[in-house]
Amino acid sequence: MPGPTLKLNPAANRFLATAWICVLMAVLVLWSVRPVMAAQAPQAVADESPLQTVRLRLNWHHQFQFAGFYAAQMQGFYRDQGLKVEIQNWNPRQTPTEVLQSQQADLAVGYSTLVADFARGAPIRLVMSAFQYSPMVLLSHERITDLSEAGGKTVMHQQNMQVMNLVRQIQKLSPQPIVEVPASGRLEDFIEGKVDLYAAYMTNEPYRLKQQGVPYYILDPKSYGSQSYGDMVVTSRYFARQHSDRVQAFRDATARGWQYALDNPEAVVDYIMAHYDVVKSRGALLSEAKLSRQYVQSGNTPIGDVDVAKVKATAASARDAGLITEATYRSVEWKEFMFQPSSLTLTPQEQAFLMHNPVIRIGNDINWEPFEFVDEAGRYQGIAAEYLALFEDRLGVKFEPVKDRAWSEVVSMAKSGEVDMYSCAVGSPERQKYMRFTQPYLSFPMVLVGLKDMSYIQDYNQLNHETVAVVEGYWSEEAMRKHFPDIRILKVGSVKEGVEAVIDGRARAYSGNLGAVNYAINQHGLTGVHVIGQSEQRFELAMGVRRDSPILFSIIQKTLHSITEQERQQIFNRWIRLEVVNQLDSRQLWKLAGAVALLALFLIALAVVYRYQKKRQQAYIDQIHELTYATLIDLETMRVIKASDSFLRLTGYSRDDLADMNYLDLSTDQIDSRRQDKILTLLLEGKRWRGEVQGRKKSGQLYWVELTFSPVRDWKGEVRQVWATRVDITDRKKVERLSIEDELTGLYNRRFFNHQFPKELRRHQREKSSLCAAMLDLDYFKQINDYFGHQHGDQVLVQVADLLKIRFSRSGDYIFRMGGEEFMVVTTMPTAEVFYEHCDNLRRAVSDCAIANPEAPQGILTLSIGAVFCDPEEAFEADEIYHRVDEQLYLAKDQGRNQVCMD
Numbered sequence: 013m014p015g016p017t018l019k020l021n022p023a024a025n026r027f028l029a030t031a032w033i034c035v036l037m038a039v040l041v042l043w044s045v046r047p048v049m050a051a052q053a054p055q056a057v058a059d060e061s062p063l064q065t066v067r068l069r070l071n072w073h074h075q076f077q078f079a080g081f082y083a084a085q086m087q088g089f090y091r092d093q094g095l096k097v098e099i100q101n102w103n104p105r106q107t108p109t110e111v112l113q114s115q116q117a118d119l120a121v122g123y124s125t126l127v128a129d130f131a132r133g134a135p136i137r138l139v140m141s142a143f144q145y146s147p148m149v150l151l152s153h154e155r156i157t158d159l160s161e162a163g164g165k166t167v168m169h170q171q172n173m174q175v176m177n178l179v180r181q182i183q184k185l186s187p188q189p190i191v192e193v194p195a196s197g198r199l200e201d202f203i204e205g206k207v208d209l210y211a212a213y214m215t216n217e218p219y220r221l222k223q224q225g226v227p228y229y230i231l232d233p234k235s236y237g238s239q240s241y242g243d244m245v246v247t248s249r250y251f252a253r254q255h256s257d258r259v260q261a262f263r264d265a266t267a268r269g270w271q272y273a274l275d276n277p278e279a280v281v282d283y284i285m286a287h288y289d290v291v292k293s294r295g296a297l298l299s300e301a302k303l304s305r306q307y308v309q310s311g312n313t314p315i316g317d318v319d320v321a322k323v324k325a326t327a328a329s330a331r332d333a334g335l336i337t338e339a340t341y342r343s344v345e346w347k348e349f350m351f352q353p354s355s356l357t358l359t360p361q362e363q364a365f366l367m368h369n370p371v372i373r374i375g376n377d378i379n380w381e382p383f384e385f386v387d388e389a390g391r392y393q394g395i396a397a398e399y400l401a402l403f404e405d406r407l408g409v410k411f412e413p414v415k416d417r418a419w420s421e422v423v424s425m426a427k428s429g430e431v432d433m434y435s436c437a438v439g440s441p442e443r444q445k446y447m448r449f450t451q452p453y454l455s456f457p458m459v460l461v462g463l464k465d466m467s468y469i470q471d472y473n474q475l476n477h478e479t480v481a482v483v484e485g486y487w488s489e490e491a492m493r494k495h496f497p498d499i500r501i502l503k504v505g506s507v508k509e510g511v512e513a514v515i516d517g518r519a520r521a522y523s524g525n526l527g528a529v530n531y532a533i534n535q536h537g538l539t540g541v542h543v544i545g546q547s548e549q550r551f552e553l554a555m556g557v558r559r560d561s562p563i564l565f566s567i568i569q570k571t572l573h574s575i576t577e578q579e580r581q582q583i584f585n586r587w588i589r590l591e592v593v594n595q596l597d598s599r600q601l602w603k604l605a606g607a608v609a610l611l612a613l614f615l616i617a618l619a620v621v622y623r624y625q626k627k628r629q630q631a632y633i634d635q636i637h638e639l640t641y642a643t644l645i646d647l648e649t650m651r652v653i654k655a656s657d658s659f660l661r662l663t664g665y666s667r668d669d670l671a672d673m674n675y676l677d678l679s680t681d682q683i684d685s686r687r688q689d690k691i692l693t694l695l696l697e698g699k700r701w702r703g704e705v706q707g708r709k710k711s712g713q714l715y716w717v718e719l720t721f722s723p724v725r726d727w728k729g730e731v732r733q734v735w736a737t738r739v740d741i742t743d744r745k746k747v748e749r750l751s752i753e754d755e756l757t758g759l760y761n762r763r764f765f766n767h768q769f770p771k772e773l774r775r776h777q778r779e780k781s782s783l784c785a786a787m788l789d790l791d792y793f794k795q796i797n798d799y800f801g802h803q804h805g806d807q808v809l810v811q812v813a814d815l816l817k818i819r820f821s822r823s824g825d826y827i828f829r830m831g832g833e834e835f836m837v838v839t840t841m842p843t844a845e846v847f848y849e850h851c852d853n854l855r856r857a858v859s860d861c862a863i864a865n866p867e868a869p870q871g872i873l874t875l876s877i878g879a880v881f882c883d884p885e886e887a888f889e890a891d892e893i894y895h896r897v898d899e900q901l902y903l904a905k906d907q908g909r910n911q912v913c914m915d
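Numbering (our numbering), first residue to last: 13 to 915.
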């Protein structure tokens, strides 16, 4: 029996039907939207670029020493740069260089011995330095007043260069050998007396010792001439090349991190303690933060900044420590150690080409100085070689030169495909058949060289039916055959041989590149010749690549374009020193003057010809002047008559400024009147003078040049003017200064004292003049450091140093910081009484400053002085005088301090 049925009225049926239709439409809409939503969800994720991972290896336990990294991570500075930085723990069994070479990390923190690693060939690059100068010191259980007292002691350190340099100095002074122990990272080894000397950071271990009541003394390597950056951050050459953007981003973010850490030390300390395994207390970390500021933020130097001059000074310390040889120190191009963001972007195809072709064979000339040549040791050298060295660094491949074939043979090899590219050649029509050439990177005129008595050749056609020497296979041979077929050609094997052919009469002239000609004449001492003409043709030197290798051509062109103007100029200046050629000698002038007397018309013609010659030559003479910062000086008025644009850029002066100035005003006061008179006498005799001179720019900034004065004779043979040409050596002098100055006070350091004092003593004995020496010690200075902190103590040292500079400011005075709070003064005074009074006035001046020293007997800083006056007739050795001064200083201390004791 069927169950009951439910009957709906027509209105209800219509309502249900409409409802079902709505539900069905909703389902269909949702179903149609689902694929779109599914497709869009991953797209939203994809729009967020994934962070690029960078692995950083530390070189010590986690502490505020690495606050820049922690703060950049804490504040999201790395994330803002698209980086995810993984901070790896210290592994004492691995050096930073080993970590990078094994690719366990992308960047690593290390000590200044990294400079020596680079010099020995490690493929690393310096990215930044957390500390502008190293906080590394040696902790000692006993006070060490002389390095020889450290002989026979046990030193624990981790191959830090400053410590190694100090150990080397100790070994020279003491027959007892130092015992070196690898670093354990445990300060307890020092506390328990297991080692005598312990390598520590001034920002770290001294605070911990004070908290535990452990007495200690500090031996600071900087006081003995060993200074450098601290906590250098390095990367591998490969990573710097392939991921230049990541390295630059890391450097920028870390610098921001350090600034934040210095401004917010408590927040960063709390972050370190919360996220890392720290063995120090919060108080110790805060103390470290306070002391770190002076090392991280030094003057106006940007945080993390590194300077090649200071790196070179560090390398000098590495040489002194025996880590590298003198030959290595001189041969290394230290700028290559510095990381530079790359402007070179290669396609995947180009990168793949380099990966499969790690060696590029180049066709080069073995005898074309200064552009390229192979020296006696078999090394490929010259301008092109230096360009290719930059290429190797940027591309990570090796350029293999030909070392035993003449240029004509190299050309045959290039035509047969035995070499991949030309390193330096003119893209002549003949060569373009088998090589594709880049844009030129060097340009020189083609000139003629003849004997001194030859007249100027304004047109090569004047040498028709004459013999002209050219190097076989050079573009000059091709140009001569094409444009001057009536000139007889003498093929030679080198530029030197070509000039010699002119001297011995085998050829009337030699035709070649101006730069190569000038280099050969000066390098080989070829006399009796000069430039007598110039062609309209120029040596447009480029790199050529086989036509069947378009990818390599693209790589070479891009890399050449990435070489900066500064890099180009530096290479050029190292190899090219062009000198002005005589346009017309006196004998020619007299001959022409005789002809002029006979024919007035010929006089007019000669004037026209002379002006034409002068105009043509002036173009490349001006170029020479620009390359050498040249100025023409009137010796009577000492005014600058002419100045190159490059000299104006160098000094900041305008030509109007120079017109109203005495030339001597451009130099500093270091050139005394006696030296000026000596130079002037040489010039008036027609002799050249060359030397190093310090100049002052309009802004007041100092610079150094290697200056050459070349006298200019007038028609009477008298010298009234002089050309001054220059080579900028400011960077080199900066390196020298860094190696002899104490970084904190700006005084000379102990290293320079050891070098200079014996020389100064010999000079006084030679000139029969008195020599005065005084050693100064700041009384109870340790109490200032203990009471106010080391940063305040450093400010006091600077204040005393400034006072010394005022009191001993004559040109013959020398002031040295010997170590810690000890200073040495070497000067000359007429009598012992005058010297004693001068020292006593200095002692009183220090007391008058009323520098607070609450725990000293007098409550202020005082000074003890030991002095020695050496009579002109006395003959003493440097060590003997030093010993006498030292004895007098200890006598002053034993008698109550704040006094002068004099022998």
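For every residue, glycine included, the Cβ atom is placed at its ideal position computed from N, Cα and C.
Computed from a prediction, not measured in an experiment: that's the story for all the values here.
- Counted as a single uninterrupted DSSP element, the beta strand (DSSP E) harbouring Met836 occupies residues Glu834 to Thr839.
- Within the model, the alpha-carbon separation for Asp317 versus Gly524 is close to 45 Å.
- Taking C-beta separations shorter than 6 Å and ignoring five residues to either side along the sequence, the partners of Pro770 in its chain run Ala890, following chain order.
- For the pair Gly375 and Val438, the CB atoms are not nearer than the 8 Å cut-off.
- Remark: three or more beta-carbon pairs, one from each stretch, lie closer than 8 Å, so the segment 772-791 and the segment 873-882 are flagged as touching.
- Per the C-alpha coordinates, the member of Met214, Ala328 and His573 positioned closest to Phe764 is Ala328.
- Val483 places its beta carbon 8 Å or farther from that of Val514.
- Between the alpha carbons of Phe449 and Met367 lies a distance of about 23 Å.
- Within the DSSP bridge table, the entry for Asp498 names no partner.
- Of the candidates Lys690, Asp319, Leu68 and Met140, Leu68 places its Cα closest to the Cα of Gln116.
- With fewer than 16 other Cβ atoms from the protein chains shown falling within 10 Å of its own Cβ, Leu63 counts as exposed.
- If you look at Asn534, you'll find it in the alpha helix (DSSP H) that goes Leu526 to Gln535.
- Annotation for Gly334: Arg180 place their beta carbon closer than 7 Å to its own, counting only its chain and skipping 5 residues before and after.
- The alpha-carbon of Trp727 is positioned some 16 Å away from that of Asp646.
- One thing to note: Ala521 has its Cβ within 8 Å of the Cβ of Leu460.
- Collapsing the DSSP output to three states places Arg725 in a strand.
- Using a 10 angstroms sphere on the CB of Ser561, the tally of other CB atoms reaches 16 or more, which defines it as buried.
- Each residue's CA atom was taken as its position, placing Cys913 and Arg855 some 11 Å apart.
- When DSSP states are grouped into helix, strand and coil, Met650 belongs to the coil group.
- When rounded, the separation of the alpha-carbon atoms in Glu704 and Lys347 is 23 Å.
- The DSSP-derived three-state label of Gly242 is strand.
- Rounded to whole angstroms, the gap between the alpha carbons of Met673 and Gly824 is 28 Å.
- Between Val281 and Phe143, the gap from beta carbon to beta carbon reaches 8 Å or more.
- Unbroken alpha helix (DSSP H) stretches of 4 residues or longer found wholly inside the segment 434-502: 487-495, given in chain order.
- In this structure, the beta-carbon distance from Met350 to Leu138 falls below 8 Å.
- If you draw a 10 Å sphere on the C-beta of Arg661, you find fewer than 16 other C-beta atoms in it, and that means exposed.
- Under the DSSP assignment, Tyr229 falls in the beta strand (DSSP E) whose first and last residues are Tyr229 to Leu231.
- For Glu755 and Ile568, the gap between their C-alpha atoms comes out near 43 Å.
- Under the DSSP assignment, Pro194 falls in the beta strand (DSSP E) whose first and last residues are Val191 to Pro194.
- Contact between Thr479 and Ala532 fails: their C-beta atoms lie close to 19 Å from each other, not under 8 Å.
- Under DSSP, Tyr522 takes part in a beta bridge, and its partners are Val461 and Ala481.
- Ranked by Cα distance from Glu730, the options Arg559, Met433, Arg738 and Glu697 are led by Glu697.
- The alpha-carbon separation between Asp860 and Val717 amounts to approximately 42 Å.
- In the DSSP assignment, Gly707 falls within the unbroken beta strand (DSSP E) covering Trp701 to Arg708.
- Residues of the same chain with a CB within less than 7 Å of the CB of Val739, apart from the 5 flanking positions on each side, are Asn585, Val717 and Glu718 in chain order.
- Secondary structure remark: continuous beta strand (DSSP E) runs of at least 3 residues inside the segment 719-775, in chain order: 731-740.
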